[in-house]
Amino acid sequence: MRFKPDIKSMFIAKKMFYSDEILDLANVKQWILQELWTYDFAGCISRKTFTYIIDHEYIVPQGTKLNGETMMDASNFYCQAADMATYEMLIKKLKEYQ
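Counting from -12, one number per residue, gives the positions in the sequence shown under my numbering.
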């Protein structure tokens, strides 16, 4: 899942991310809930595929720009969305386990 807006960017923009300030939970909650939140289901992978990704070190290193614009703040395992199974496949597989 990819969510917008990006919560980390929101906190950085408000200078709240690296602050030692004690924040009022009610104010933070109100500020977060006033945003229009959207999501995108990029896809899903199986445990077997994830193991393959780990074993073959499909990693985007820290400091790399993802899609030419998003700076990676930590190294992450990576699978292209086009290689993932669809939402429909996820639902089908979940129903098989019921």
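Here a beta-carbon is modelled for each residue, glycine too, at the ideal position from N, C-alpha and C.
Nearest-angstrom Cα distance between Ser(-5) and Ile46? Position 8 of the sequence shown holds residue -5. Position 59 of the sequence shown holds residue 46. Note on residue identity: the sequence assigns Lys, not Ser, to residue -5. When rounded, the distance between both Cα atoms is 21 Å.
Phe28 and Tyr74 look like a contact to me (Cβ under 8 Å); what is the Cβ gap, rounded to whole Å? Numbered from 1 along the sequence shown, position 41 holds the residue referred to as residue 28. Numbered from 1 along the sequence shown, position 87 holds the residue referred to as residue 74. Confirmed, about 5 Å.
Residues near Lys52 in its chain [Cβ-Cβ closer than 7 Å; skip 5 each side]: Start at 1 with the first residue of the sequence shown, and residue 52 comes out as number 65. Counting only Cβ-Cβ distances below 7 Å, and skipping sequence neighbours, we find Met58.
Write down every uninterrupted run of the alpha helix (DSSP H) in the segment -1 to 66 whose length is 4 residues or greater and which is fully enclosed by it, in chain order. 12 to 20 and 34 to 42
I need the straight-line Cα distance from Val15 to His43, nearest angstrom please. If you number the sequence shown from 1, residue 15 lands on position 28. If you number the sequence shown from 1, residue 43 lands on position 56. Going from the Cα of Val15 to the Cα of His43 covers about 41 Å.
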